[in-house]
Every structure is written in C-alpha cells, then in structure tokens.
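Numbers in the working numbering are just positions in the sequence shown, counted from 1, shifted up by 955.
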Amino acid sequence: FNHRDSYTFEELQSNTALDPERLDQILKQLISFNVLKSSSGTEGGTLAAENIDLNLDFSSRKIRINLAMPLKTEAKQETEQTHQSVREDRNLVIQARVVRIMKDRKRLKHSLLLAEVLQQLQNFQPSVQSIKKAIGILIDKEYIDRVENENDVYQYRA
C-alpha cells in the first residue's frame, strides 16, 4: 500500500507471494482492526474476488497498535498436535499403571482392576473405555492373560 490505496486480492497475492489461505487470514485480521477495508464490506467468506482498500480514515488513540495476532490455522494445528501427544502419553501411563498393579497382585478381577487404576491415577481421570483398551493392548503384548475358566479375571505373566 506504499504506491496505491487499493489492490485486488490477486495483486496482493502476487506481490507478497503468500498462499491464498494465509493471505486471506491476514487481510481479514487487518480488516477487523479497520486498517483495511474490503470493497463489499463483509467480513465473512473469502476475499478472493474483492478489492482491498487502505482505510484512510483510520485513527487510534494508542501510539502503538499490536497487529501481530496469532493465526487460527497455526493455533489449531498446534493444539491438535498437543492433544494427540497428551492422549498418547496418557494411554502409556494407563498401560504402565495396569502392569504395576498386575505385577503386585498377580491375579485380579476385571472390576477390581478398573477400580484400582481409577483410584491410583490422580493426575487425570481416565475413561473406562481407555482402560479397557489398555488392557486389550497389554493382552496382545502378552504382559497379562485372561484366566481360562474365568473370563473376567486377569493374570500377570512374569
């Protein structure tokens, strides 16, 4: 906007060499701060077919304006990765707790094992489904077995 007060979306994209999604997010942010105006005046949807104008009437009481807000896609991707790693870590913690309990007790009923795991894990409250999944994984890994005649009893394999 050093040379002209108005650009099309395509011109801004070619001048900045940003991908369209990222440029769209940045322009929407600047429009929400009233630094720029879109030709249609709508903030929803994409700006691909619009002219973007510099708001010459922009004024602020502040001496400095912080326009560096975090972009939504980066935050979403980062939080999704964080949530996924937390889920994986919790599954490993549940498996480790089940192994420790079974190593100590050698033989335990399913309901007692669930109650013991829920009691001992105090950092987070795992769901019964996640504990059952951990028990299934440990059976596959041959850390514990089901007792033959009693289907709801587990036995630790040394």
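Beta carbons: idealized from backbone N, C-alpha and C, even for Gly.
Coil, strand or helix - residue i by DSSP
i       : result
Leu1073 : helix
Ser1040 : helix
Ser1014 : coil
Ile1020 : coil
Asp1095 : helix
Asp979  : helix
Asn1078 : coil
Ala1051 : helix
Counterpart residues of residue i in DSSP-defined beta bridges
i       : result
Lys992  : Asp1008
Ile1090 : According to DSSP, Ile1090 bridges with nothing at all.
Tyr1109 : Leu1063, Arg1101
Ser961  : Asp1008
Contact under 9 Å by Cβ, residue i with residue j
i       : j       : result
Asn1010 : Lys983  : no
Leu1022 : Gln1050 : no
Gln1069 : Lys1058 : Here residue 1069 turns out to be Leu, not Gln, going by the sequence shown. No, these two residues do not count as a Cβ contact at 9 Å.
Minimum Cβ-Cβ distance from residue i to chain B less than 9 Å
i       : result
Leu1093 : No chain B appears in this structure, which consists of one protein chain only.
From the options, residue whose alpha carbon lies closest to that of residue i
i       : options                           : result
Lys1017 : Glu1043, His1038, Phe988, Asp1044 : Phe988
Ile986  : Ala972, Glu976, Val1102, Phe1013  : Phe1013
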